[in-house]
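Participant: Residues 1 to 418, numbered by full-length UniProt numbering, are exactly what the sequence shown covers, in order.
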Amino acid sequence: MLPLAAALAAAGHEVLFAVPPEVKDIPEAAGLATVALGGHLDPLPAFRTVAASSPSGRSPAPAARGGTPRVLSLFVRLAEDMAGDLVAVAREYRPDLVLHDPTALAGPVAAAAVGARAVRHLYGLDLLARASPMVSRALEPLYRRFGLPATGPMTGSATGPMTGSATGPMTGSATGPMTGSATGPMTGSVTGHVTGFGIVAVDPWPGPARPGHLPIRHTAYGAGLTPQHAGRGAPSRAQAAAGRRRVCVSWGHTMARLDGGLHLAGQVARTVAADPSVEVVLATAPEHRRLLGALPPGVRVIEDGPLGGVIAGCDALISQGGAGVSLTALALGVPQLMIGGLPDHLAHARAVAELGAGRALTAGEAGDDTLRRELRLLLHTPAYRETAARLGQEMRARPSPDEVAAHLAGHRTPHERA
């Protein structure tokens, strides 16, 4: 979301980021005006319940709140925690557009309270859309709390200017850490309305254009996205030892926050490094170094290097299947082996596999022998590399954040592409 928010600000619009206190420094570091809201609810215990109930990604977490899945119940609780503050800010700030991530369900409530347009900014697969009726029912009490109708007609179309002025203030919202190919013009009509889903979704995920979605080029925050890019401390592919394939291992932040034992980066690196034909680069955060355990001498650890630069210098990526790392590797044309330990991680892993750009395992399937076998298939089957390269080219040809910002603001029609 940050690249699009920055593009809106650079175009002269007023942009205000509304986030929980623990992530306030992220948009501030990008130079965006920021306000901290909510923060009274600690989501980690509930997320740990979700992780514990689905350790291998084989089944969703048990239902709670009268049949609502636990993870959706958590998103609703976070929205309830933030909505009062966000609606108050919106009523003072009077935004024309509320741009929110798909789990920040207080965003569309605030938009409805002030008559603004709500636009979802996806950061991976559109997983909640599959449960849209359930999401709508779960949000109805929150809409009623502010005297708002839970449903209503949409006010615009993704194929042309949307009603209402977008030349004044705009706001974004998020309820957690921001992780945060259609190569033709931004098209796709919007013909209905579902509570919590806004008028359109900004969508970085590759594949054909989807109705009601605006494609956008994925931009890894803090790093350029070209195969030639090499970030601080990141090796280039040319530096790999002769005859060896370089593999990046990255496990993100979520699993470590839930339970250090779920952060499998060190275990995976040890398993992969046992193959003398493979060179391992492990990208991690300094605070996760202690979770890695003892590593073989040949494993290169890069702390806080721009992830896009690290991945760009590798022949393959092994990850937990997080949305951000998945999109970054796809945009760079790097094949992936993804080991999903949470339902959304496994969904991304399977989606990448279905695209033909990688292979997917559950955490329970990823024994040493299986892991090495799957990696060999990934590295030595040209179709994975060729498909990943094609998808990367298509994703880099998508509309830029500047173009999407102009479209949302209604200043001009989107850039036409061949």
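We put the CB at the ideal spot given by N, CA and C, even for glycine.
Since the structure is predicted, the reported quantities are computational estimates derived from the model, not experimental observations.
#1: Could you check whether residue 122 and residue 76 sit closer than 9 Å to each other, using their CB atoms as the reference points?
#2: Thinking just about the alpha-carbon of each residue, which of 84, 87, 128 is nearest to the one in residue 72?
#3: Taking the Cβ atom as the reference point for each residue, do residue 44 and residue 323 lie within a distance shorter than 9 Å?
#4: Rank 220, 265, 219 by C-alpha distance to the C-alpha of residue 281 and give the top, closest one.
#5: In the DSSP output, which residue or residues are listed as bridge partners for residue 215?
#6: Excluding the 5 residues flanking residue 85 on each side, which residues of the same chain have their C-beta closer than 7 Å to its C-beta?
#7: Helix, strand or coil, according to DSSP, for residue 155 in the structure here?
#8: Can you list, in chain order, the stretches of the beta strand (DSSP E) that have 3 or more residues and sit fully within the region 275 to 310?
#9: Would you kindly report the start and end of the unbroken beta strand (DSSP E) that includes residue 400?
#10: Measuring straight from C-alpha to C-alpha, what distance separates residue 306 and residue 398?
#11: Rounded to whole angstroms, what's the CA-CA distance from residue 366 to residue 252? Just pull it up for me.
#12: On a CA-only basis, which of 346, 94, 303 is nearest residue 285? Give me that one, please.
#13: Please classify residue 197: is it buried, with 16 or more other beta-carbons within 10 angstroms of its beta-carbon, or exposed?
#14: Just to confirm, are residue 359 and residue 342 a CB contact at a threshold of 9 Å?
#15: In the DSSP assignment, what residue or residues form a beta bridge with residue 114?
#16: Output needed for residue 401: all residues of its chain with C-beta closer than 6 Å, excluding positions within five of it in sequence on either side, in chain order.
#17: Which word fits residue 47, buried or exposed, when buried means at least 16 other C-beta atoms lie within 10 angstroms of its C-beta?
#18: Please list the terminal residues of the continuous alpha helix (DSSP H) segment that includes residue 146.
#19: Would you decide whether residue 277 is buried or exposed? Buried here means 16 or more other CB atoms lie within 10 Å of its CB.
#20: Cβ of residue 372 within 9 Å of Cβ of residue 274?
#21: Kindly indicate the opening and closing residues of the beta strand (DSSP E) around residue 17.
#22: What residues match up with residue 339 in a beta bridge as DSSP calls it?
#23: Check for me: the beta strand (DSSP E) holding residue 99 runs from which residue to which?
#24: Give the secondary structure of residue 139 by DSSP, where H, G and I count as helix, E and B as strand, and everything else as coil.
#25: Taking DSSP as the reference, what is the three-state secondary structure of residue 334?
#26: Going by beta carbon distance, what residues of the same chain come within less than 7 Å of residue 351, once the five residues before and after it are set aside?
#27: Tell me the residue span of the alpha helix (DSSP H) that contains residue 372.
#28: Sort 317, 87, 102, 40 by Cα distance to residue 145 and report the nearest one.
#29: Check whether the region 109 to 116 touches the region 316 to 335, counting contact only when three or more Cβ pairs, one atom from each stretch, lie closer than 8 Å.
#30: Flag this pair as yes or no: are the beta carbons of residue 270 and residue 297 separated by less than 9 Å?
#31: Restricting to Cα atoms, I'd like to know which of 17, 16, 13, 408 is closest to residue 215.
#32: Check whether the Cβ atoms of residue 316 and residue 245 lie closer than 9 Å to each other.
#33: Report the residue from 368, 313, 354 whose alpha carbon sits nearest the alpha carbon of residue 383.
#34: In terms of alpha-carbon separation, which member of 34, 70, 346 lies closest to residue 23?
Facilitator: In this structure, then:
#1: Working through the sequence shown from its first residue, we reach residue 76 at position 76. Working through the sequence shown from its first residue, we reach residue 122 at position 122. Not closer than 9 Å, so no.
#2: Mapped onto the sequence shown, residue 72 falls at position 72. Checked all of 84, 87, 128; the closest Cα to residue 72 is 128.
#3: Counting from one through the sequence shown, the residue named residue 44 turns up at place 44. Counting from one through the sequence shown, the residue named residue 323 turns up at place 323. Result no, Cβ atoms of residue 44 and residue 323 do not sit closer than 9 Å.
#4: Counting from 1 along the sequence shown, the entry for residue 281 is found at position 281. Nearest C-alpha to residue 281: 265.
#5: The residue you call residue 215 lines up with position 215 of the sequence shown. Its beta-bridge partners are 203.
#6: Here residue 85 refers to the residue found at position 85 when the sequence shown is read from its first residue. Cβ within range, chain order: 37, 38.
#7: Reading the sequence shown from its first residue, position 155 is the one you call residue 155. Below a pLDDT of 50, predicted positions are generally treated as unreliable, and residue 155, at 34, falls in that range; the measurement from the model is reported next regardless. Judged by DSSP in its simplified three-state form, residue 155 adopts coil rather than helix or strand.
#8: Counting whole runs of 3 or more residues, the region 275 to 310 contains the beta strand (DSSP E) stretches 278 to 284, 300 to 303.
#9: As a working note, residue 400 is residue 400 in the sequence shown. Taken as a continuous stretch (DSSP letters only), residue 400 belongs to no beta strand (DSSP E), as it is neither H nor E.
#10: Here residue 306 corresponds to residue number 306 of the sequence shown, with the count starting at 1. Here residue 398 corresponds to residue number 398 of the sequence shown, with the count starting at 1. Roughly 22 Å between the two C-alpha positions.
#11: The residue given as residue 366 occupies position 366 in the sequence shown. The residue given as residue 252 occupies position 252 in the sequence shown. Near 18 Å, if we compare the C-alpha coordinates of residue 252 and residue 366.
#12: Within the sequence shown, the letter at position 285 stands for residue 285. Looking at the Cα atoms, 303 is the closest of the given residues.
#13: Sequence index remark: in the sequence shown, residue 197 carries index 197 (1-based). Residue 197 is buried by the Cβ-count criterion.
#14: Within the sequence shown, the letter at position 359 stands for residue 359. Within the sequence shown, the letter at position 342 stands for residue 342. For residue 359 and residue 342, no; Cβs fall outside 9 Å.
#15: Locating residue 114 in the sequence shown gives position 114, counting from the first residue. Paired residue(s): none; residue 114 is not in a bridge.
#16: Here residue 401 refers to the residue found at position 401 of the sequence shown. Contacts found: 3, 4, 7.
#17: On the sequence shown, position 47 is the one that residue 47 refers to. Result: buried.
#18: Counting from 1 along the sequence shown, the entry for residue 146 is found at position 146. Boundaries for residue 146: no alpha helix (DSSP H) harbours it, and the DSSP string shows neither H nor E there.
#19: Translated into the one-based positions of the sequence shown, residue 277 becomes position 277. With fewer than 16 other Cβ atoms within 10 Å, it is exposed.
#20: Within the sequence shown, residue 372 is the residue found at index 372, counting from 1. Within the sequence shown, residue 274 is the residue found at index 274, counting from 1. Cβ atoms of residue 372 and residue 274: closer than 9 Å.
#21: Start at 1 with the first residue of the sequence shown, and residue 17 comes out as number 17. 15 to 19 is the extent of the beta strand (DSSP E) around residue 17.
#22: What you label residue 339 is simply residue 339 of the sequence shown in a count that begins at 1. Answer is 361, bridged to residue 339.
#23: Numbered from its first residue, the sequence shown carries residue 99 at position 99. Annotation for residue 99: the continuous beta strand (DSSP E) segment containing it runs 97 to 100.
#24: The sequence position of residue 139 within the sequence shown is 139, counting from 1. It is helical.
#25: As a working mapping, residue 334 is identified with position 334 in the sequence shown. Of the three classes helix, strand and coil, the one that applies to residue 334 here is coil, per DSSP.
#26: Walking along the sequence shown from the start, residue 351 turns up at place 351. Here the set comprises 125.
#27: The residue you call residue 372 lines up with position 372 of the sequence shown. First-last of the alpha helix (DSSP H) with residue 372: 368 to 380.
#28: Here the question's residue 145 lines up with position 145 in the sequence shown. Checking every option, the nearest Cα to that of residue 145 belongs to 87.
#29: Verdict: no, contact absent.
#30: Residue 270 sits at position 270 when you count from the first residue of the sequence shown. Residue 297 sits at position 297 when you count from the first residue of the sequence shown. Result no, Cβ atoms of residue 270 and residue 297 do not sit closer than 9 Å.
#31: Counting from 1 along the sequence shown, the entry for residue 215 is found at position 215. That would be 408, whose Cα lies nearest to the Cα of residue 215.
#32: Residue 316 sits at position 316 when you count from the first residue of the sequence shown. Residue 245 sits at position 245 when you count from the first residue of the sequence shown. Contact flag set, yes.
#33: If you number the sequence shown from 1, residue 383 lands on position 383. Of the candidates 368, 313, 354, the one whose C-alpha sits nearest the C-alpha of residue 383 is 354.
#34: Against the sequence shown, residue 23 aligns to sequence position 23. Selected option, being the one with the closest Cα: 34.
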